[in-house]
DNA sequence: GACTGTATGTTAAAAACATCACAACTATCA
DNA sequence: TGATAGTTGTGATGTTTTTAACATACAGTC
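Residue numbers (the numbering used here), protein chains in the order written: chain A, 491 to 746; chain B, 491 to 746.
Shown next, in the form of structure tokens:
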């Protein structure tokens, strides 16, 4: 059995079991633990798995998400976590909520309250996977073509499904927030989805860490006026904060 | 910091990282190894995580899938794996394939060839998650309401999207296979989806281990005649095997 | 104040695992 | 055939983790 074969089988095994001991693998492939060791060190160099004392853990992240997403995940993580925790604190029993794509959306999904029944509508595969694991949760995923970089599922039919669902709260993320030029995102197709999400909800909540402020991206999908609640961190400039506070019927939360 | 706080933070950490070493956790929470050890043993007793040498792994399964699915996963696993491996061996470069829901479908998704470009259409969330991790793979997920027991996404819009996609191969699973009463499934909504999948493909491939044979479930969605290829294991009865072989234009693979 | 139970930290020995160097094996090519 | 490079197994040695026993701290109770 060649090294390539072995690494393939190790991957297969990990895809099913997510982790393995060196013993297990050595026994399965009928080779010595040293061989396994050498195989897994090369696999770990490629980022496929992570070696810990006594075994290995499969590393979804290595291949799962586009490069961008994994970058977004670690950037401003602290602030994003705090924003997400604030966001989920607004959720009430029997709420129907829309969770937008993006790393902040993923954190909201992660921190969703366990104990109260809610309905969730989403269109990003990573978020769907997280929400599906929750008890007390009705889940609708609008389908479509899978975009690797944002993990969004996009199609006319999905958009239609989104338009026909109603939510009382929508947590919308953005790539750029500008008091003058409005809320923007990077991709064309996200515009339509975010726009539809905004139209389908009663209370619209913008979740964006301070690094997104004073940034302008090509896809304009809303203005600050269109949001009822804005959650960000204390890193935003005085001007932004003042400009938002000057608007009527708007709640601004700055965490951190 | 109380024990409850700590276990909550361990859970949060694992939700994001899926695994952790004892060192990591001890450092993060600034307590001794022994405290973490005691925390994780109580968490593992609750089934939240799994302790391995040197660390812990988050146990999605505890909360993720309906009872049924996890049962289906372990039942006839060997045969299912062999069937899945046979199934993926039929895939050629640039194929467009439909993968049906179910544990065998999940295994097919797992074993999908890495090195050739293919397109995949699916409607089960677990399968979507697996396929999304592949390189060289265009993915379409038909969306809809999430059914926990089968992990299928179902909606009229999703069905529409499925009908509008074309595949040259569809790998269809079944809960019951009878030479006289045809191919059946358990749920009403699955019928429509499986039927649509069959209509949208050139070559239809039935993947069903021998435990499904001579079983009849309420939802009839096709007859054996409707399939071009049947992949099962050597456990099926002589009569079944003979009856299928007697049909024209049909290929039967029995693995194991 | 002494008692009790729970939660946490410390320590040391035992067990499990990792690493290293070297020998044995395999395949390839001249 | 023999040289070479690459791969794999073995056993001695070093390291980390586990376990268990004991020490400490703190809150509630008699």
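In this text, a Cβ means the ideal position worked out from N, Cα and C, and glycines have one as well.
Three-state class that DSSP yields for residue i in the structure shown
| i | result |
| --- | --- |
| residue 658 of chain B | strand |
| residue 688 of chain A | helix |
| residue 582 of chain A | coil |
| residue 510 of chain A | strand |
| residue 624 of chain A | coil |
| residue 494 of chain B | helix |
| residue 671 of chain A | coil |
| residue 635 of chain B | strand |
| residue 739 of chain B | coil |
| residue 600 of chain A | helix |
| residue 712 of chain A | strand |
| residue 614 of chain B | strand |
| residue 717 of chain B | coil |
| residue 723 of chain A | strand |
| residue 534 of chain B | helix |
| residue 693 of chain B | strand |
| residue 663 of chain A | coil |
| residue 701 of chain B | helix |
| residue 526 of chain B | helix |
Residues that residue i contacts on chain A, provided the C-beta gap is smaller than 8 Å
| i | result |
| --- | --- |
| residue 635 of chain B | 628, 629, 630 |
| residue 592 of chain B | By Cβ distance, chain A contributes nothing, its closest Cβ being about 15 Å from residue 592 of chain B, past 8 Å. |
Cβ pair residue i, residue j closer than 8 Å
| i | j | result |
| --- | --- | --- |
| residue 733 of chain A | residue 672 of chain A | no |
| residue 660 of chain A | residue 688 of chain A | yes |
| residue 618 of chain A | residue 591 of chain A | no |
| residue 741 of chain A | residue 718 of chain A | yes |
| residue 676 of chain A | residue 694 of chain A | no |
| residue 600 of chain B | residue 500 of chain A | no |
| residue 496 of chain A | residue 520 of chain A | no |
| residue 581 of chain B | residue 608 of chain B | yes |
| residue 702 of chain A | residue 745 of chain A | no |
| residue 743 of chain A | residue 709 of chain A | no |
| residue 662 of chain B | residue 684 of chain B | yes |
| residue 697 of chain A | residue 726 of chain A | no |
| residue 651 of chain A | residue 690 of chain A | no |
Exposed unless 16 or more other CB atoms sit within 10 angstroms - verdict on residue i
| i | result |
| --- | --- |
| residue 524 of chain A | exposed |
| residue 566 of chain A | buried |
| residue 723 of chain B | buried |
| residue 595 of chain A | buried |
| residue 645 of chain B | buried |
| residue 674 of chain A | buried |
| residue 626 of chain B | exposed |
| residue 513 of chain A | exposed |
| residue 692 of chain B | exposed |
| residue 556 of chain B | Annotation note: pLDDT 43 at residue 556 of chain B (below 50); position unreliable, coordinate value reported separately. Its Cβ having fewer than 16 others within 10 Å, residue 556 of chain B is exposed. |
| residue 509 of chain B | buried |
| residue 606 of chain B | exposed |
| residue 536 of chain A | exposed |
| residue 491 of chain A | exposed |
| residue 623 of chain B | buried |
| residue 544 of chain A | exposed |
| residue 572 of chain A | buried |
| residue 553 of chain B | Residue placement at residue 553 of chain B cannot be trusted, given a pLDDT of 40 that sits under 50; the coordinates are not used to answer. |
| residue 549 of chain A | buried |
| residue 686 of chain A | buried |
Listed by chain order, chain A residues near residue i by CB distance under 9 Å
| i | result |
| --- | --- |
| residue 601 of chain B | 502, 505 |
| residue 547 of chain B | 508, 509, 547 |
| residue 615 of chain B | 615, 618, 619, 622, 629, 631 |
| residue 595 of chain B | Chain A residues near residue 595 of chain B: none, gap ~14 Å exceeds 9 Å. |
| residue 537 of chain B | Those within 9 Å of residue 537 of chain B in chain A number zero; the least Cβ separation is about 13 Å. |
| residue 709 of chain B | Within chain A, no residue comes near residue 709 of chain B; the closest Cβ sits about 22 Å away, beyond 9 Å. |
| residue 666 of chain B | Residues of chain A passing the Cβ test: none, with the nearest at roughly 26 Å. |
Nearest-angstrom beta carbon gap, residue j and residue i [assumed within contact, 8 Å]
| i | j | result |
| --- | --- | --- |
| residue 699 of chain B | residue 576 of chain B | Incorrect: roughly 11 Å between the Cβ atoms, too far for contact. |
| residue 621 of chain A | residue 602 of chain A | 7 Å |
| residue 634 of chain B | residue 630 of chain A | 7 Å |
| residue 486 of chain A | residue 541 of chain A | Look at the range of chain A in this structure, 491 to 746, and you will see that residue 486 of chain A is not part of it. |
| residue 574 of chain B | residue 598 of chain B | 5 Å |
| residue 562 of chain B | residue 593 of chain B | 4 Å |
| residue 539 of chain B | residue 504 of chain B | 6 Å |
Amino acids of chain B, ordered along the chain, whose beta-carbon sits closer than 7 Å to that of residue i
| i | result |
| --- | --- |
| residue 495 of chain A | By Cβ distance, chain B contributes nothing, its closest Cβ being about 13 Å from residue 495 of chain A, past 7 Å. |
| residue 543 of chain A | 543, 544 |
Closer than 7 Å at the beta carbon, the chain A residues around residue i
| i | result |
| --- | --- |
| residue 645 of chain B | 651 |
Partners in chain B for residue i, counting only beta-carbon separations shorter than 8 Å
| i | result |
| --- | --- |
| residue 516 of chain A | What residue 516 of chain A touches in chain B: nothing, since even the nearest Cβ is about 14 Å away. |
| residue 672 of chain A | Under the 8 Å cutoff, chain B gives no residues; its nearest Cβ is about 28 Å from residue 672 of chain A. |
Proximal chain B residues relative to residue i, where beta-carbon distance stays under 9 Å
| i | result |
| --- | --- |
| residue 746 of chain A | In chain order: nothing, as chain B lies at least about 17 Å away. |
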